[in-house]
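K.L.:
Be aware that the sequence shown starts at 1, since it is given in UniProt numbering, and climbs by one per residue. The beta-carbon is built from N, C-alpha and C at its ideal position, and this holds for glycine as well.
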Amino acid sequence: MLHLTSSNHAIIVFPSRAWRHPGIADGALCHDRNMGSNAGCYSGRTLWSRGIRGSDSDRFRRHHSSTSSELRREIRESTEQESLVKAYGWAVRRLDDADGEEMRQVVRIQAEAFHEPTALFDDLFFQFFQAEVLSGLLYKLRNSSPDRYACLVAEPAASTDQEQRRELVGVVDVTVLRDDPVLRHLQGEEEYLYVSGIAVSESFRRRKVATALLEACDVLSSRLGYRYLALRAYEDDAGARRLYSSAGYEVAGVDPLWVTLMGRKRRVLMIKKI
C-alpha cells in the first residue's frame with residue numbers, strides 16, 4: 001500500500017508499512033490515527049460541526065491564523081528560554097520553532113527513534129521518513145495554537161557552552177484532545193493532555209531524559225489547567241510501561257483482542273491525574 005505525504009510542496013510516495021515501529025506512540029507522526037483526530041480540531045471539519053459555514057468559516061480561519069501567530073510570537077518571546085523543568089541534569093522547554101537547527105534536531109531524534117529499518121534501500125526510506133516527520137511537525141505547529149499543542153525538547157541544563165547547551169537530547173509532543181475512548185475514563189472532563197512521540201537520542205538513553213520530559217508534561221498540564229494526562233504504550237513493552245508507571249500513570253484500558261487479527265499489537269491506555 002502506498003502512503004502519500006506532502007513535503008516542500010512536493011508529493012512523496014513510499015510504502016507506509018515500513019514505518020510502523022513497535023515503539024511509536026499515537027499522535028507522533030502525520031499518518032497516525034490520533035494525529036489525524038488532533039488535526040481535525042483545527043480543520044474545516046470542526047468549523048462545520050460548530051455551525052460555521054462559507055464565508056464565516058473563511059473569516060474564522062483568517063482570524064484564527066492571525067491570533068495564533070500573535071500568540072505563538074508572544075509565547076516564543078516570553079518562554080523560549082524558560083525551562084518547564086530542570087532535573088537530572090536536563091532542562092526541558094518548548095521548541096523554538098523559529099530556529100531551523102532545533103527543528104532539524106527534533107526531526108532527527110524522532111526519526112531515528114521510530115524508523116523501522118528495511119532490508120533494501122533503508123537509507124532512502126529513512127530520508128522519506130524524516131520528510132514525513134517534518135511534515136507532521138510543521139502541520140501541528142502551523143495549525144495548532146500554543147495552548148493546544150506543544151513540542152517539548154530536552155537539553156543539557158548546566159552547560160556554559162552555548163553550542164553544547166543547544167544540543168537537543170530528547171523530545172515529546174503534548175496535545176489537547178477530546179477523544180471519547182479516553183474521556184469515558186475521566187469523569188466530568190471535556191479535554192485532556194495527550195502525550196506522544198517521546199524520543200531520546202540513542203547516546204543519551206537511560207540517563208533520565210525521558211523522566212525529565214514526562215515531568216515537564218506535568219508542569220505544562222498544570223499551567224494550562226488540565227487535570228489529566230493520557231498516553232498509550234504497547235502491552236508487551238515492559239520498559240515503557242515501567243517508565244510511565246514510575247511517572248505516576250496507571251493503566252485504564254487496553255485495546256480489544258480483535259486488533260491482533262489485523263496484524264496490530266495491543267496497546268494499553270495509561271492515565272495520570274495531576
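Starting from G197, trace the beta strand (DSSP E) both ways and give me its first and last residue.
P.N.:
Counting from 1 along the sequence shown, the entry for residue 197 is found at position 197. That run of the beta strand (DSSP E) goes 192-200.
K.L.:
According to DSSP, L152 sits in a beta bridge with which residue or residues?
P.N.:
Numbered from its first residue, the sequence shown carries residue 152 at position 152. Paired residue(s): R94, V172.
K.L.:
Whose CA, out of Y244, V259, L257, lies closest to the CA of I271?
P.N.:
Taking the sequence shown and counting its residues from 1, one reaches residue 271 at position 271. Per the Cα distances, Y244.
K.L.:
Report the CB separation of V219 from V85 in whole angstroms; it is logged as a contact under 8 Å.
P.N.:
One-based indexing of the sequence shown puts residue 219 at position 219. One-based indexing of the sequence shown puts residue 85 at position 85. About 6 Å; that satisfies the 8 Å criterion.
K.L.:
Would a C-beta distance cut-off of 9 Å place L138 and Y192 closer than the cut-off?
P.N.:
For the purposes of this step, residue 138 is taken as residue 138 along the sequence shown, with counting starting at 1. For the purposes of this step, residue 192 is taken as residue 192 along the sequence shown, with counting starting at 1. Not closer than 9 Å, so no.
K.L.:
Span of the beta strand (DSSP E) holding A158?
P.N.:
As a first step, residue 158 must be located in the sequence shown, where it is residue number 158. Neither: A158 is in no beta strand (DSSP E) and is coded neither H nor E.
K.L.:
Name the one or two DSSP bridge partners that I271 has.
P.N.:
Numbered from its first residue, the sequence shown carries residue 271 at position 271. Paired residue(s): A230, E250.
K.L.:
Give the C-beta separation of V171 and G197 to the nearest angstrom, bearing in mind that I take them to be a contact with Cβ-Cβ under 8 Å.
P.N.:
If you number the sequence shown from 1, residue 171 lands on position 171. If you number the sequence shown from 1, residue 197 lands on position 197. About 7 Å separates the two Cβ atoms, so the contact holds.
K.L.:
Mind reading off the beta-carbon distance from V209 to A154? Whole number of angstroms is fine, and I expect it under 8 Å.
P.N.:
Position 209 of the sequence shown, counted from the first residue, corresponds to residue 209. Position 154 of the sequence shown, counted from the first residue, corresponds to residue 154. Going by Cβ atoms, the distance from V209 to A154 rounds to 5 Å, so yes, they are a contact pair.
K.L.:
Are the stretch 107-114 and the stretch 198-205 in contact at 8 Å, needing three or more beta carbon pairs?
P.N.:
Cβ pair count under 8 Å is three or more, so yes.
K.L.:
Which residues mark the beginning and the end of the alpha helix (DSSP H) in which V140 is found?
P.N.:
In the sequence shown, the residue the question calls residue 140 occupies position 140. Sequence check: residue 140 is Lys here, not Val. Unbroken alpha helix (DSSP H) run through K140: 122-143.
K.L.:
Tell me which residues share the same chain as Q130 and place their Cβ nearer than 6 Å to its Cβ, disregarding the 5 neighbours each side in the sequence.
P.N.:
In the sequence shown, residue 130 corresponds to position 130, counting from 1. Within the same chain, Q130 has close Cβ partners V107, A111.
K.L.:
Quick check on this structure: which residue in S222, A240, R227 has the alpha carbon closest to the alpha carbon of R206?
P.N.:
On the sequence shown, residue 206 is found 206 positions in, with the first residue counted as 1. Cα-wise, what sits closest to R206 is A240.
K.L.:
Return the residue from the list V251, K273, A212 that minimises the CA-CA distance to T157.
P.N.:
Position 157 of the sequence shown, counted from the start, is the residue given in the question as residue 157. Thr is not the amino acid found at residue 157; the sequence shown has Ala there. Residue A212 is the option with its Cα nearest to A157.
K.L.:
Nearest-angstrom Cα distance between E82 and C217?
P.N.:
On the sequence shown, position 82 is the one that residue 82 refers to. On the sequence shown, position 217 is the one that residue 217 refers to. One C-alpha to the other measures close to 14 Å.
K.L.:
Give the straight-line distance between the Cα atoms of R178 and E190, rounded to the nearest whole angstrom.
P.N.:
By 1-based counting over the sequence shown, the position of residue 178 is 178. By 1-based counting over the sequence shown, the position of residue 190 is 190. Distance between the alpha carbons of R178 and E190: 6 Å.
K.L.:
The alpha helix (DSSP H) spanning V209 covers which residue range?
P.N.:
In the sequence shown, counting from the first residue as 1, residue 209 sits at position 209. 209-224 is the extent of the alpha helix (DSSP H) around V209.
K.L.:
For L177, which of helix, strand or coil comes out of DSSP?
P.N.:
Taking the first residue of the sequence shown as position 1, residue 177 is located at position 177. Residue state, collapsed to three classes: strand.
K.L.:
If you count every other CB in all the chains shown that lies within 10 Å of the CB of N38, and 16 or more means buried, which is it?
P.N.:
Reading the sequence shown from its first residue, position 38 is the one you call residue 38. Its pLDDT being 33, under 50, N38 is placed unreliably by the model, and nothing is read from it.
K.L.:
Could you tell me how far apart the beta carbons of V259 and E235 are, in whole angstroms, since I believe they sit closer than 8 Å?
P.N.:
Within the sequence shown, residue 259 is the residue found at index 259, counting from 1. Within the sequence shown, residue 235 is the residue found at index 235, counting from 1. Not confirmed; about 10 Å, so no contact.
K.L.:
Check each candidate in I274, V251, R166, A233 and name the one with the smallest Cα separation from E102.
P.N.:
One-based indexing of the sequence shown puts residue 102 at position 102. It is R166.
K.L.:
In terms of residues, what are the limits of the alpha helix (DSSP H) holding V259?
P.N.:
Position 259 of the sequence shown, counted from the first residue, corresponds to residue 259. Neither: V259 is in no alpha helix (DSSP H) and is coded neither H nor E.
K.L.:
Hey, how far is the Cα of G225 from the Cα of G253?
P.N.:
As a working mapping, residue 225 is identified with position 225 in the sequence shown. As a working mapping, residue 253 is identified with position 253 in the sequence shown. Going by the C-alpha atoms only, they are around 24 Å apart.
K.L.:
Helix, strand or coil, according to DSSP, for A240 in the structure here?
P.N.:
Here the question's residue 240 lines up with position 240 in the sequence shown. Reduced to three states, the DSSP call for A240 is helix.
K.L.:
Might you give, ordered along the chain, the residues of its own chain that have their beta carbon closer than 6 Å to the beta carbon of D255, omitting 5 neighbours on each side?
P.N.:
As a first step, residue 255 is located in the sequence shown; it is residue number 255 there, counting from the start. Excluding positions up to five away in sequence, the list reads R266, R267.
K.L.:
Using a threshold of 9 Å, state whether the C-beta atoms of A150 and R232 are closer than that.
P.N.:
Within the sequence shown, numbered from 1, the residue matching residue 150 stands at position 150. Within the sequence shown, numbered from 1, the residue matching residue 232 stands at position 232. No, they are not a contact pair.
K.L.:
Between the Cα of S246 and the Cα atoms of E215, D147, R142, Y88, which residue gives the shortest distance?
P.N.:
Working through the sequence shown from its first residue, we reach residue 246 at position 246. Of the candidates E215, D147, R142, Y88, the one whose C-alpha sits nearest the C-alpha of S246 is E215.
K.L.:
Does chain D have any CB closer than 9 Å to the CB of E235?
P.N.:
Protein chains in the displayed structure number just one, and chain D is not present.
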